[in-house]
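Presented below is the structure to which this report refers.
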Amino acid sequence: MNMLQHSKIYVAGHRGLVGSAIVRRLEAEGCRNLLLRTHKELDLIDQSEVRSFFEQERPEIVVLAAAKVGGILANSIYPGEFIYENLMIQSNIINWSQKTGVKRLLFLGSSCIYPKLSPQPMKEEYLLSGPLEPTNDAYAVAKIAGIKMCESYNKQFNTSYLSVMPTNLYGPGDNFDLEKSHVLPALIRKFHEAKERGAREVVVWGTGSPRREFLHVDDMAAACVYFLGLPDTNYKDLVLKLKPCLINIGMGKDITIKELAELVKEIVGFKGQIVFDTDKPDGTPQKLLDISRMNKLGWKAKISLRAGIAETYGWYKKSVQEL
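Going left to right, the sequence shown walks through residues 10 to 332 as my numbering numbers them.
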């Protein structure tokens, strides 16, 4: 951790759900030399802008948390944008990190990189072992390319670039747009608005049977800072020995969408009924990460799902009142 405190750290995507949590965690750990740029200040899709930034600022550590993200609906409507923007962002950052001597880079992916019908729980070794989920394959392919780019640069240029794959994340600062959000923030908003209107029912997409794992974003941030702060020998050993060079970050347990909807309903205090629209897609049947590699490396999540949802709902209510 002392190494991080004295390093120049660039957090790409610092305004996003994960990036902002990582910044909070780094600041809490005493890191004061943080490089932060908004999209207006630095367009990560523009190679010339990224090159100028890296050549001028020369960060020592990079956290690549910038990405275009969304749920099933957004991925279905904008697949071209998802694959193009994510490929460009990560390619520019990884490439210019190498060219300017960045010591460590942490690439944040997503559990959607694993095959749709992957054995459960999903081990890191299952990457590229089967077809992807069609509803988000464009995003997944981009993220897989990022993992492989990090591995390829490590092999050719002797860099130290590590990838971490979080499960479904949620928490303060999440996207609650019903068209673009993931399932948990969408449910929080739906139940809250239904409660405010005095509605009799809330409609939830799909059958409610798919199982999903959820991790509070503050836990994710803690994991990222933990791995970034490992001593040089331990960190380099990870990069050299992990095959593939990635670590799953999760809770190690999942819940059905039906159970999740009932939990959110209880926490929000909605008294009506839940109706499942079975004409809408379910997506992948189950997405549970195998976190044995993470646990062996000495890190475990701490925030329970109930406590995390309650905190997130409190943040959402406050943000709505401030609008």
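Yeah, the Cβ is synthetic: ideal placement off N, Cα and C, and Gly gets one too.
Beta strand (DSSP E) segment containing histidine 225, residue limits: Counting along the chain, the unbroken beta strand (DSSP E) around histidine 225 starts and ends at 223–225.
Of the residues Arg315, Thr216 and Ile256, the one placed nearest glutamine 295, counting alpha carbons only: For the residues Arg315, Thr216 and Ile256, the minimum Cα distance to glutamine 295 belongs to Thr216.
Local Cβ density within 10 Å of aspartate 263, reported as buried at 16 or more and exposed below that: Label assigned to aspartate 263: buried.
Segments of 3+ residues assigned as beta strand (DSSP E) that fall wholly inside the stretch 159–184: Taking only runs of at least 3 residues, the beta strand (DSSP E) segments lying wholly in the stretch 159–184 are 170–175 and 177–179.
Best match in Asn167, Ser106, Ile54 and Pro140 for proximity to asparagine 95 [C-alpha to C-alpha]: Here the closest residue by C-alpha is Ile54.
Through-space distance from alanine 37 to glycine 28, alpha-carbon basis: Straight through space, the alpha carbons of alanine 37 and glycine 28 are spaced by roughly 14 Å.
Contact set for glycine 238: own chain, Cβ-Cβ below 8 Å, skip 5 residues either direction: Excluding residues within five positions, the ones whose Cβ falls inside 8 Å are Met10, Met12, Leu13 and Glu38.
Closest by C-alpha distance to leucine 297, when choosing among Phe63, Asn243 and Arg221: Measuring from the Cα of leucine 297, the nearest candidate turns out to be Arg221.
6 Å Cβ shell around lysine 152 - same chain, five flanking residues per side excluded: Close CB contacts of lysine 152 within its chain, under the 6 Å cut and outside five residues either way in sequence, are with Gly118, Ser119 and Ile122 (chain order).
Distance CB(alanine 74)-CB(alanine 21) smaller than 9 Å: Their beta carbons are under 9 Å apart, which means alanine 74 touches alanine 21 by this criterion.
Phenylalanine 62, buried or exposed, once every other Cβ within 10 Å from all chains shown has been counted against 16: Buried, since its Cβ has 16 or more Cβ neighbours within 10 Å.
As assigned by DSSP and simplified to three states, the class of threonine 265: In this structure, DSSP gives threonine 265 an extended state, which the three-state scheme calls strand.
Bridge partners - lysine 296, DSSP secondary structure assignment: Answer is Arg221, bridged to lysine 296.
Cβ-Cβ distance between tyrosine 391 and valine 78 below 9 Å: The structure shown has nothing for residue 391, since the chain only spans 10 to 332.
The stretch 179–190 in contact with the stretch 266–284 per 3-pair CB rule at 8 Å: Judged by Cβ distances under 8 Å, the stretch 179–190 makes no contact with the stretch 266–284, as fewer than three pairs qualify.
Below-9 Å beta-carbon distance, asparagine 243 vs any chain C residue: This model lacks chain C altogether; it includes just one protein chain.
Helix, strand or coil at aspartate 286 [DSSP, three-state]: In this structure, aspartate 286 counts as strand in the three-state DSSP scheme.
Among Phe166, Ser161, Thr242 and Thr321, the one whose alpha carbon lies nearest that of phenylalanine 223: Checked all of Phe166, Ser161, Thr242 and Thr321; the closest Cα to phenylalanine 223 is Thr321.
Histidine 201 versus valine 59 - alpha carbon distance: When the Cα atoms are used, histidine 201 and valine 59 turn out to be separated by approximately 41 Å.
Expected contact under 8 Å - CB spacing of proline 253 and glutamate 133 to nearest Å: 6 Å between Cβ atoms; contact.
Buried or exposed by the 16-neighbour rule on C-beta atoms within 10 Å, applied to phenylalanine 91: When all chains shown are included, phenylalanine 91 counts as buried.
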